[in-house]
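All remarks here apply to the structure that follows.
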Amino acid sequence: MKKTTDVHRGTLALMVLKTLDVLGPLHGYGLARRIEQISKDGLTLNTGTLYPLLLRLEQEGAITSERRPSENNRSARFYRLTRAGRKQLEAETRAWEQTTAQISRFFAVKAKDLP
Amino acid sequence: MTILRRLASIASWILRRDRAEQQLDDEIRSFVEMSTAERVEEGIPPAEARRLALAEIGGVERIKERVRMGRHGALLDDLGRDVRYAFRLVARQRTFTAVIVATLALGIGANTAIFSILDGLLLRTLPIEHPERLAQLVAAPPSEQDSWTYPIWHEIQRHSVRFDGAFVWTGPDAEFDLSTGGESRFVNGVWASAGAFAVLGVRPVLGRLFEPSDDIRGGGSSGPVVVISHAFWQTYFSGTRDVIGRTLTLERVPLTIVGVTPRGFFGVVAGRSFDVVVPLGVEPLIRGSESRLDRRTSWWLQVFVRLKPGQSREAAAAVMQTLKPGIREATLPPTRPGRNNDRYLADPFTLVDAERGPSSRLREGYSRPLLVLMVVVGLVLLIACANIANLLLARATARHHEWSVRLALGATPGRLARQLMIESLLLAAIGAAAGVFVADSGSRLLIAQLASDSVSLELPLDARMLAFTAGVALIAALVFGVAPAWRATRGVPIDAMKDRGRVSGASASTPLANGLVLVQVALSLVLLIGAGLFLRSFNGLTRVPLGFEGDRVLLTVIDARRADLAPSARLATYERIHERVLAIPGVEHAAVSITAPLGEMWIRRIEVSGSPLRGSDAPGVGPEGFGSTDRPIPANAPLAVFNGITSGWIATFGTPLLAGRDISRNDATGSPRVALVNQAFARKFLGGANPVGHTMHATREPGAPIEIVGLVADAVYRDIREATLPTAYVPLPQSVDRSLVEDPNMTAPAVITLSVRPTSGQPSLLTKGVAAAISEVNPTLALTFEPLDRRVSETLTRERLLAILSAAFGVLALVMASIGLYGVTSYAVSLRRTEIGIRMALGAARSAVIGLVLRRVALLVAGGLVVGLAVAVWVSRFVATLLYGLQPRDPLTILAASATLALIAAVAGWLPAHHASRLDPTQVLRDG
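These protein sequence lines map, in sequence, to chains V and F.
The working numbering applies: residue 1 is where the first sequence begins, and numbers increase by one.
The working numbering applies: residue 1001 is where the second sequence begins, and numbers increase by one.
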């Protein structure tokens, strides 16, 4: 079994949106695997977390879903980013970048840098 | 996200719930399939691949549940599901449900019943337009006088435009006789000014209400008119519509009915209802020579004003105050020697809030008893809730397995708790619905009991009552539902795997159940002590030495006001009646008197020879005169109560003569003036010395002094609850107080009481003979019959009711607490069956087993008693004023109540203990 890393609250939604943005429509299983892949296997996505999250994003209108045949001809539900979802992603990306920039500045600070 | 969108989402989810469930299934299945397929491609055997995929996904139901919880409207959906489930459960467990619903119906019903009366009497605003703008005119404290003379009202009326109207509404204390002769049939009457209905904003259901012309003396253009109440219209006239224009005879005066007031309108005094309303202007017709319209010393009207919109009570009172000097000057009463009108002129006019009607004797007399009863029924409900909580806890144990399974399947503890709360709420709702019916009949029964205090209350089952009932039910559900719900959150899923019989967590409920029983015992003790106090208090009152034999006397009030009898001929007529009645077979003694025990009071300021008490206008000295008042008689004021009696009085009432002689026939109008006095009189005026031979005279009345010729034993005069009043009895022919009457020819009062004592048997059996004898003398006299013992018992209505109700609720509490104790002990025994079995197998004696169980019971009961005692001691001071001849911490009552409770508790605890000692050890050990 892989070691599980806890995902910071709220970041999983961002990961899902970004993954859909980059890779286009995906089904639930594919999404889970891709996220694990991208995060270099450091993260096991709990199905118990993923599906409620997908439901929430769909109810918020950030994603939409439809049934269609998958690559190996199984019928599956594919999730796709909506226009609202893209806007949300952009906004959250900006916010996230700002936060990380702030945090890294703090991490980089040394006593001698301060007057 | 907008609310609209959210609502749409909820709606779509509810509408397409099945599809959403299908989608969820598909999602998870495809996840598992894809995961399996990938593993198969990696070379893992299909069966193993599927197992791994399932293991990775974890609990499928758990995921589904989490997704469901995330859906919009999920809460609504769950609630619906929980309610349906609760309904199924409640319907399935019939006995269980019936017991709880019956307990709740009683508890909630009692609360609603008492509250409806409390509300009607104390809290509800008057059923009129804008009750908050109604104010009553009173003199400023400390006099608190709220009655006014007609001349004062006449002046105020001229200034009524300064307010949004002013009016008089006095009563209902006037009893009008409907009969035209013989035995009287009374209706409750109100005197009102013409504008009363208009200012109150009351509209007729039939005909018209008063017009200004109706209030002209002797009747206006329509002649003397009367307005009747809806209830009187229904009962006396069977609600016929042609009642308008008909004649109603009151006090032998024919009045024309012009209108009917709406249903539910009772006037301004809560708890009292009226039958007829008569304009003030008609008063001279009805009361004839005793009309009070021109008397500047007759204080009999209650005056109300309606504030203008936006006018504050203070502003209106200021207006009143500016009017005061003029009004006072214009209505000065005639001065008497030695008195002046300074106080009359100085007394201010104030306005008090009359939103709920004026304060009344009824309200003052019953507010505390009702509050006490409210607390009592509240405690009873609390005890009932504790019982129900225990029942639910016991059942929770039975359902422990179900909950463990549900927890194991992914239900959250909160979810289970909510499910249980919904069940509790459902039970409470059913109980409340049944309770409404209990309350309805219960409050009617109570009001009927109060009828002798002429309480009349409409108790509509309106939104207010339903809201109260719902509130009580909600609180009850919280009280009895929280403990089981809290217990449910502590379930452990692993218990689902265990055998049903060996659930370790179940014992966790016993401390809680024990706590509940302890509370029950404590509250029951409080109620029992209360019941004991009220019972003993009532019992004490029924045993007060009356000083007369109440069960041997029939009273007949003879009213000559409307009779064909000249004031100068009254005395002779009364004496003839006295003789005729004495001639009736079966009559042993009879007497005629001005007043009778527990009736009107005649109070005079006197001076007694050799007494240090002298007449003075000391402040706080009560009024002289004749009438009914609750005011105490100051011990340091030279005041005594009087009665005018004929010979035979002390024999009729059985009051012993202690010294001197009785009043005889020879004590006539012209003979030397004499009097009998009682022991209280001798104590007050002469320090307990023999009063015979002393003289006295009424301070205000000129004339020869009165010689005290006899000393009689103390007897109750006005109220059983008070110390005997200093009383003087003077011969009826010598008793006309010249300072009180205006007709110089009058020989005796218009209203007198005839008291008759039979040789044997029920006094009331004499009614017919007495009526016939009086009618032979004068057929036009109005008569009211009343056995003296009924009058005595009616003065104790309040105490009797409080004693009966508190005893009934005390017993109910005791029963419920013992059931609770029995239940908890039985349950504890059932949990310890194995242990007890082992002990017995190892040789423990039966008595040791009983001791084992009873020790727990004793501990619980002792704890309950200690807590209960502390609470009882603390709350008892609130009932002190309701007790007679008893301290609120009466040790005997407290001891008796504790002993009763301990005894009942011992029985309730002994039964399961006995049962435990009869366990067959081999059987128990075999069962495991």
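Cβ coordinates follow ideal geometry from the N, Cα and C atoms, glycine included.
Small disclaimer: the values here were computed from a predicted structure and weren't measured.
Practice item. Can you tell me which of the three DSSP states residue 1824 of chain F falls into? Key: Reading the second sequence from its first residue, position 824 is the one you call residue 1824 of chain F. In the structure shown, residue 1824 of chain F sits in a helix (DSSP, three-state: H, G or I).
Is the beta carbon of residue 1571 of chain F less than 8 Å from the beta carbon of residue 1596 of chain F?
-> For the purposes of this step, residue 1571 of chain F is taken as the residue at position 571 of the second sequence. For the purposes of this step, residue 1596 of chain F is taken as the residue at position 596 of the second sequence. It is not a contact, given that the beta carbons lie outside the stated cut-off.
Could you give the DSSP three-state label for residue 1755 of chain F: helix, strand or coil?
Taking the second sequence and counting its residues from 1, one reaches residue 1755 of chain F at position 755. Three-state DSSP puts residue 1755 of chain F in a strand.
Going by DSSP, what residue range makes up the alpha helix (DSSP H) through residue 1393 of chain F?
Mapped onto the second sequence, residue 1393 of chain F falls at position 393. Residue 1393 of chain F -> alpha helix (DSSP H) spans 1361-1398.
Quiz item: In the segment 28-48 of chain V, which residues sit with their C-beta less than 9 Å from some C-beta in chain F, listed in chain order?
Solution: 28, 29, 30, 32, 33, 44, 46, 47 and 48
For the segment 1014-1034 of chain F, enumerate the residues whose C-beta is nearer than 8 Å to any C-beta of chain V, in chain order.
1023, 1024, 1026, 1027, 1028, 1030, 1031, 1033 and 1034
- Message: For a contact defined as C-beta to C-beta under 9 Å, what are the partners of residue 69 of chain V on chain F?
- Response: The count along the first sequence starts at 1 and reaches residue 69 of chain V at position 69. Here the premise fails: no neighbours, minimum Cβ distance about 11 Å.
Quiz item: Roughly how many angstroms lie between the CA atoms of residue 1511 of chain F and residue 1539 of chain F, to the nearest whole one?
Solution: Position 511 of the second sequence, counting from 1, holds the residue named residue 1511 of chain F. Position 539 of the second sequence, counting from 1, holds the residue named residue 1539 of chain F. Those two C-alpha atoms are separated by around 41 Å.
Would a check of beta-carbon distances place residue 1066 of chain F closer than 8 Å to chain V? Against the second sequence, residue 1066 of chain F aligns to sequence position 66. Output row for residue 1066 of chain F: interface = yes.
### Task
Tell me whether residue 1182 of chain F sits in a helix, a strand or coil according to DSSP, three-state version.
Numbered from its first residue, the second sequence carries residue 1182 of chain F at position 182. Strand at residue 1182 of chain F.
Chain-ordered neighbours of residue 79 of chain V on chain F, where CB pairs are closer than 8 Å:
Looking up residue 79 of chain V in the first sequence gives position 79. In chain order: nothing, as chain F lies at least about 10 Å away.
- Starting from residue 66 of chain V and walking both ways along the beta strand (DSSP E), at which residues does that stretch end? On the first sequence, residue 66 of chain V is found 66 positions in, with the first residue counted as 1. Here the beta strand (DSSP E) through residue 66 of chain V covers 63-69.
Q | As assigned by DSSP and simplified to three states, the class of residue 1658 of chain F | A | Within the second sequence, numbered from 1, the residue matching residue 1658 of chain F stands at position 658. Looking at residue 1658 of chain F - three-state DSSP - the assignment turns out to be strand.
According to the Cβ coordinates, are residue 1260 of chain F and residue 1233 of chain F closer than 8 Å?
Position 260 of the second sequence holds residue 1260 of chain F. Position 233 of the second sequence holds residue 1233 of chain F. It is a contact, given that the beta carbons lie within the stated cut-off.
Name, in chain order, the residues that DSSP records as bridge partners for residue 79 of chain V. By 1-based counting over the first sequence, the position of residue 79 of chain V is 79. Note: residue 79 of chain V sits in a beta bridge opposite V:26 and V:65.
Pair within 8 Å by beta-carbon distance, residue 1062 of chain F and residue 1410 of chain F = The residue given as residue 1062 of chain F occupies position 62 in the second sequence. The residue given as residue 1410 of chain F occupies position 410 in the second sequence. A contact, by the Cβ cut-off of 8 Å.
Note to self: Can you list, in chain order, the residues of its chain with a C-beta nearer than 7 Å to that of residue 1657 of chain F? Leave out the 5 residues immediately preceding and following it.
What the structure shows: Stepping through the second sequence from its first residue, residue 1657 of chain F is reached at position 657. Here the set comprises 1650, 1710 and 1712.
Q: Starting from the C-beta of residue 1254 of chain F, find all residues in its chain whose C-beta is less than 6 Å away, skip the five residues before and the five after it, and write them out in chain order.
A: For this step, residue 1254 of chain F is matched to residue 254 along the second sequence. So the list reads 1247, once near-sequence residues are dropped.
Would you say residue 162 of chain V faces chain F, with C-beta separation under 8 Å as the test?
Outside the displayed range of chain V (1 to 115) lies residue 162 of chain V, so it cannot be described from this structure.
Whose CA, out of F:1238, F:1209, F:1380 and F:1309, lies closest to the CA of residue 1224 of chain F?
As a first step, residue 1224 of chain F is located in the second sequence; it is residue number 224 there, counting from the start. When each option's Cα is compared against that of residue 1224 of chain F, the closest is F:1209.
_So residue 80 of chain V and residue 27 of chain V are supposed to be a Cβ contact under 8 Å. How far apart are they, rounded?_
In the first sequence, counting from the first residue as 1, residue 80 of chain V sits at position 80. In the first sequence, counting from the first residue as 1, residue 27 of chain V sits at position 27. At roughly 11 Å, the Cβ-Cβ gap does not stay under 8 Å, so residue 80 of chain V and residue 27 of chain V are not in contact.
Run the CB neighbour count on residue 1551 of chain F, radius 10 Å, all protein chains shown included, and call it buried at 16 or more, exposed below.
Walking along the second sequence from the start, residue 1551 of chain F turns up at place 551. Counting Cβ neighbours within 10 Å, residue 1551 of chain F comes out exposed, since fewer than 16 surround it.
Using DSSP bridges, identify the partner residues of residue 1935 of chain F. No answer is possible for residue 1935 of chain F: the residues shown for chain F start at 1001 and end at 1928.
task = Determine whether the Cβ of residue 115 of chain V lies closer than 8 Å to any Cβ atom of chain F.
result = Position 115 of the first sequence, counting from 1, holds the residue named residue 115 of chain V. Answer no: the Cβ-Cβ gap between residue 115 of chain V and chain F never drops below 8 Å.
Output yes if chain F places a C-beta closer than 8 Å to the C-beta of residue 55 of chain V; else output no. As a working note, residue 55 of chain V is residue 55 in the first sequence. Yes, residue 55 of chain V lies at the interface with chain F (some Cβ there is under 8 Å from its Cβ).
Going by alpha carbons, who is nearest to residue 1906 of chain F out of F:1419, F:1891, F:1774 and F:1851? In the second sequence, counting from the first residue as 1, residue 1906 of chain F sits at position 906. The shortest Cα separation from residue 1906 of chain F among F:1419, F:1891, F:1774 and F:1851 belongs to F:1851.
- Item | Cβ shell of residue 1059 of chain F (< 7 Å), same chain only, five flanking positions each side left out | Here residue 1059 of chain F is taken as the residue at index 59 of the second sequence, counted from 1. Around residue 1059 of chain F: 1410.
Problem set entry | Identity of the residue in F:1308, F:1745, F:1752 and F:1046 nearest residue 1785 of chain F by Cα | Translated into the one-based positions of the second sequence, residue 1785 of chain F becomes position 785. Residue 1785 of chain F has its Cα closest to that of F:1752, out of F:1308, F:1745, F:1752 and F:1046.
Practice problem: Measuring only between beta-carbons, confirm whether residue 1904 of chain F sits less than 8 Å from chain V. | Solution: Numbered from its first residue, the second sequence carries residue 1904 of chain F at position 904. Not an interface residue.
> Does the distance from the CB of residue 1527 of chain F to the CB of residue 1716 of chain F come in under 8 Å?
Replying inline: Here residue 1527 of chain F is taken as the residue at index 527 of the second sequence, counted from 1. Here residue 1716 of chain F is taken as the residue at index 716 of the second sequence, counted from 1. No. Outside cutoff.
request  = Return the chain-ordered list of same chain residues with a C-beta closer than 6 Å to the C-beta of residue 1160 of chain F, the five sequence neighbours on each side being excluded.
outcome  = Numbered from its first residue, the second sequence carries residue 1160 of chain F at position 160. Excluding positions up to five away in sequence, the list reads 1166.
- Contacts that residue 25 of chain V makes with chain F (C-beta to C-beta distance below 9 Å): Position 25 of the first sequence, counted from the first residue, corresponds to residue 25 of chain V. Going along chain F, no residue has its Cβ under 9 Å from residue 25 of chain V, so there is no contact; the nearest lies around 14 Å.
Anything in chain V within Cβ reach of residue 1072 of chain F, meaning under 7 Å, just list it in chain order.
-> Residue numbering aside, residue 1072 of chain F sits at position 72 when the second sequence is read from its first letter. Going along chain V in sequence order, the residues near residue 1072 of chain F (Cβ under 7 Å) are 59.
Note to self: Against chain V, with Cβ distances strictly below 8 Å, would residue 1058 of chain F count as a contact?
What the structure shows: Residue mapping note: residue 1058 of chain F aligns to position 58 of the second sequence, counting from 1. Yes, its Cβ sits closer than 8 Å to a Cβ of chain V.
request  = Along the beta strand (DSSP E) that carries residue 1099 of chain F, what are the first and last residues, could you check?
outcome  = Start at 1 with the first residue of the second sequence, and residue 1099 of chain F comes out as number 99. Taken as a continuous stretch (DSSP letters only), residue 1099 of chain F belongs to no beta strand (DSSP E), being part of the alpha helix (DSSP H) at 1094-1118.
task: Select from F:1733, F:1756 and F:1077 the residue whose C-alpha is nearest the C-alpha of residue 1746 of chain F.
output: One-based indexing of the second sequence puts residue 1746 of chain F at position 746. Nearest C-alpha to residue 1746 of chain F: F:1733.
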